[in-house]
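Structure record follows, encoded as structure tokens.
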Amino acid sequence: MPTLSRTGRSTSWPDIAVSRSGKTPERCLRNLQFDTGKRLRRQMMAVTDQFNFDGELSDNVRTRFFINGEWCAPKGSEEFELVSPITEEVIFRLPAASIEDAGAAVKVARDAFDTGSWACSPSVERAVVLRRIASEMRDRLALFGRLWTAQVGAPSWFASQFTGIAPAYFDFYADLISQSSFEDERTVPTGRVKVVREPVGVCALIVPWNAPLVLLTQKLAAALAAGCTVVAKPSPETPLDALVLAECVAAAGLPPGVFNVVPAGREVGDWLIRQPMIDKVSFTGSTVAGKHIAQVCANRLARVSLELGGKSASVICDDADIGAWIANVAPFTMPFSGQICFSQTRVLVPRKRHDEFMSAYVRAIDGMKVGSPWDPDTMIGPVATSNQYRRVLDFIDVAKREGANPVIGGGRAPGHEHGYFVAPTVFDNVHSDMTIAREEVFGPVVSIICHDGDEDAIRIANDSLYGLSGTIFSADIGRAERIARRIRTGNLTVNGLQLDPSIPFGGFKQSGIGREGGPEGLETFTETKAIYFPAV
11 MPTLSRTGRS
21 TSWPDIAVSR
31 SGKTPERCLR
41 NLQFDTGKRL
51 RRQMMAVTDQ
61 FNFDGELSDN
71 VRTRFFINGE
81 WCAPKGSEEF
91 ELVSPITEEV
101 IFRLPAASIE
111 DAGAAVKVAR
121 DAFDTGSWAC
131 SPSVERAVVL
141 RRIASEMRDR
151 LALFGRLWTA
161 QVGAPSWFAS
171 QFTGIAPAYF
181 DFYADLISQS
191 SFEDERTVPT
201 GRVKVVREPV
211 GVCALIVPWN
221 APLVLLTQKL
231 AAALAAGCTV
241 VAKPSPETPL
251 DALVLAECVA
261 AAGLPPGVFN
271 VVPAGREVGD
281 WLIRQPMIDK
291 VSFTGSTVAG
301 KHIAQVCANR
311 LARVSLELGG
321 KSASVICDDA
331 DIGAWIANVA
341 PFTMPFSGQI
351 CFSQTRVLVP
361 RKRHDEFMSA
371 YVRAIDGMKV
381 GSPWDPDTMI
391 GPVATSNQYR
401 RVLDFIDVAK
411 REGANPVIGG
421 GRAPGHEHGY
431 FVAPTVFDNV
441 HSDMTIAREE
451 VFGPVVSIIC
461 HDGDEDAIRI
471 ANDSLYGLSG
481 TIFSADIGRA
491 ERIARRIRTG
501 NLTVNGLQLD
511 PSIPFGGFKQ
521 SGIGREGGPE
531 GLETFTETKA
541 IYFPAV
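Count along the sequence shown from 1, then add 10; that gives the number in the working numbering.
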């Protein structure tokens, strides 16, 4: 099963992060085992050119929506402007869906579910279609990676690799439902009972801009595997990934109405979550928006899954190999300029090893190339939007006023007069009550917090509104596991950082409700029904 894995032997930072020869950081890429072989490496090299929207995207993707298996002209006249985070200039315009467009998508999704052509199809037949979707996606991996870079500035090496996990979700769920009956029979004193898992119904999938393809596919693959129908609303900043995915779905032979795409803004999203024909809402985004969605869904008792904010802690024990931590986790303290939910933004360091750690970590961060995300050597590109840029700089200013010490960075990246470039920033002398240690910044900003032993580290790690991800480094695996079991966080890795489509991902506390990935992710798109057969 493909994995996002940072586990492995200790390696010096230049081997991991920045190839001095001008080539892509190969070891970093090898550890991201989403897709292997020559094809992905060829696609990766193609990412270095600028994106040609007219030449690389079909007319359907550029001008229409995907509704009921067809490419439909917009009913309104509103447009999105895509702004390059590199130049701050408008680079593309495309239609924005209206409530009327969204209403048409909801209606056909409802009709498609109620007629049962997909929901009632045998799971082995659904698995065949899922595998076809995965295959179509793999043929477009280079395009998906380039789109991510063009729209929001994801570094090209990161985008080309990370997109490889997206088709793996379809493969995983295809395998899972091929081996699952969706029911089991139980004996009770009065007879027997069949307990059946049925699709929850019509699902609204609302995804953010930071990882638009992967976050949509981890929801969509599970929803389709369960037999649901879907209306997807991608973010205004990244509307194109879902439309290219619709081309994959159409080529794979998914029945009309089962998957529909309406790129739209907040107004349409708010309309969608209130619709009685929508049985379930699955949302990834900010905790503030997630709370609003939860309240709306609660009023009508609609099913809801939420994958929200994080302030993940990386716990370094006093016996840890600092070099191994630098090799395996340092790049993921601020991946994609810190705009990934599992970024390890709180680093908990043994007080007695503080100076040793800071010397190694600051040297590593200082070696990260900041620049154009199209350059395969770039580790830190711009943040995605002007709003995000201002937000990150505001957090940096607050941290300074509260007494945190910026040992590196602390403002706009030098040498970049245009674009939303923030210098990689590491704050030392951080305490858990500081804003920078409590709020999700979503930028290349890391807090270093000293601890005085395992109990203190556990206390600090748990002193957060969030509980999404985390890492623990120790030479004693048993010790690391004991710490992991006491941290209120949904996903923890010992001596590395790993994700996998077969494993549930989600958070405790204000990091969300429900899980995505694994069998648990499939269950969230089903309802349980018990059918009794009394003894004669």
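Built from N, CA and C at the ideal position, the CB exists for glycine as well.
No experiment lies behind these values; they were computed from the predicted model shown.
Inset, instruction - Determine the extent of the alpha helix (DSSP H) in which residue 89 is found, giving its start and end residues. - result: Looking at the DSSP string, residue 89 is not in any alpha helix (DSSP H); the run it does join, the beta strand (DSSP E), is 89-93.
Inset, instruction - Please name the residue, chosen from 524, 540, 394, 543, that lies closest to residue 94 on a Cα-to-Cα basis. - result: Ranking 524, 540, 394, 543 by Cα distance to residue 94 puts 394 first.
Legend entry - Exposed unless 16 or more other CB atoms sit within 10 angstroms - verdict on residue 544: Exposed, because fewer than 16 other Cβ atoms sit within 10 Å of the Cβ of residue 544.
Inset, instruction - Answer yes or no: do residue 380 and residue 434 have a C-beta to C-beta separation smaller than 9 Å? - result: Against a cut-off of 9 Å, the Cβ pair of residue 434 and residue 380 comes out as a contact.
Inset, instruction - State yes or no: is the C-beta of residue 179 within less than 9 Å of the C-beta of residue 230? - result: The Cβ atoms of residue 179 and residue 230 lie closer than 9 Å to each other.
Legend entry - C-alpha gap between residue 148 and residue 177, whole angstroms: About 7 Å.
Legend entry - Three-state secondary structure assigned by DSSP to residue 343: If DSSP states are grouped into helix, strand and coil, residue 343 belongs with coil.
Inset, instruction - Under 7 Å Cβ to Cβ from residue 275, same chain only, skipping five residues before and after it: list those, please. - result: 106, 246, listed in sequence order.
Inset, instruction - To the nearest angstrom, report how far apart residue 118 and residue 77 are at their CA atoms. - result: Between residue 118 and residue 77, the C-alpha separation is close to 8 Å.
Legend entry - Test item: CB-CB of residue 217 and residue 184 under 9 Å: Result no, Cβ atoms of residue 217 and residue 184 do not sit closer than 9 Å.
Legend entry - Distance, residue 128 Cα to residue 400 Cα: Linking residue 400 to residue 128 through their CA atoms gives a straight-line distance of about 45 Å.
Legend entry - Length-filtered (4 minimum) alpha helix (DSSP H) runs lying within the stretch 344-398: Entirely contained in the stretch 344-398, the alpha helix (DSSP H) runs reaching 4 residues are, in chain order, 364-376.
Legend entry - For residue 155, three-class secondary structure by DSSP: In the three-state DSSP reduction, residue 155 falls in the helix class (H, G or I).
Legend entry - Residue-chain proximity (residue 479, chain D), Cβ-Cβ < 9 Å: The chain labelled as chain D is not found in the depicted structure, where only one protein chain is given.
Legend entry - Which residues DSSP lists as bridging residue 140, in chain order: DSSP lists no beta-bridge partner residue for residue 140.
Inset, instruction - Quick one: give me the first and last residue of the beta strand (DSSP E) that residue 201 is part of. - result: Note, residue 201: beta strand (DSSP E), 201-209.
Legend entry - Simplified DSSP state of residue 166, which is helix, strand or coil: Looking at residue 166 - three-state DSSP - the assignment turns out to be helix.
Legend entry - Buried or exposed (CB count within 10 angstroms, at least 16 for buried), residue 191: Exposed.
Inset, instruction - Assuming residue 417 and residue 423 form a contact by the criterion Cβ under 8 Å, report the distance between their Cβ atoms to the nearest whole angstrom. - result: About 16 Å separates the two Cβ atoms, so there is no contact after all.
Inset, instruction - Would you check if the stretch 351-361 and the stretch 123-139 touch, i.e. whether three or more CB-CB distances between them fall below 8 Å? - result: Contact between the stretch 123-139 and the stretch 351-361 is absent: fewer than 3 CB-CB pairs across the two stretches fall below 8 Å.
Legend entry - Extent of the continuous alpha helix (DSSP H) run through residue 105: Unbroken run through residue 105 is the beta strand (DSSP E), 100-105; no alpha helix (DSSP H).
Inset, instruction - Starting from the C-beta of residue 82, find all residues in its chain whose C-beta is less than 7 Å away, skip the five residues before and the five after it, and write them out in chain order. - result: Closer than 7 Å at the Cβ level, and outside the excluded window around residue 82, lie 74, 75.
Legend entry - Beta-bridge partners of residue 194, as assigned by DSSP: Answer is 205, bridged to residue 194.
Legend entry - Bridge-paired residues (DSSP) for residue 532: DSSP lists no beta-bridge partner residue for residue 532.
Legend entry - Residues bridged to residue 501 [DSSP beta-bridge criterion]: Beta-bridge pairing links residue 501 to 479.
Legend entry - C-beta contact flag for residue 324 and residue 483 at 9 Å: At the C-beta level, residue 324 and residue 483 come within 9 Å of one another.
Legend entry - Between the CA atoms of residue 511 and residue 42 - distance to the nearest angstrom: Per-residue confidence for residue 42 stands at a pLDDT of 39, beneath the threshold of 50, marking its modelled position as unreliable; the derived number appears in the next sentence. Cα to Cα, residue 42 sits roughly 13 Å from residue 511.
Legend entry - Beta carbon of residue 369 nearer than 9 Å to that of residue 237: For residue 369 and residue 237, no; Cβs fall outside 9 Å.
Legend entry - Cβ contact check for the stretch 530-541 and the stretch 488-508: 3 or more pairs under 8 Å: No, the stretch 530-541 is not in contact with the stretch 488-508.
Inset, instruction - Whole angstroms is fine: what's the gap from residue 142's alpha carbon to residue 91's? - result: The straight-line gap from Cα to Cα measures roughly 33 Å.
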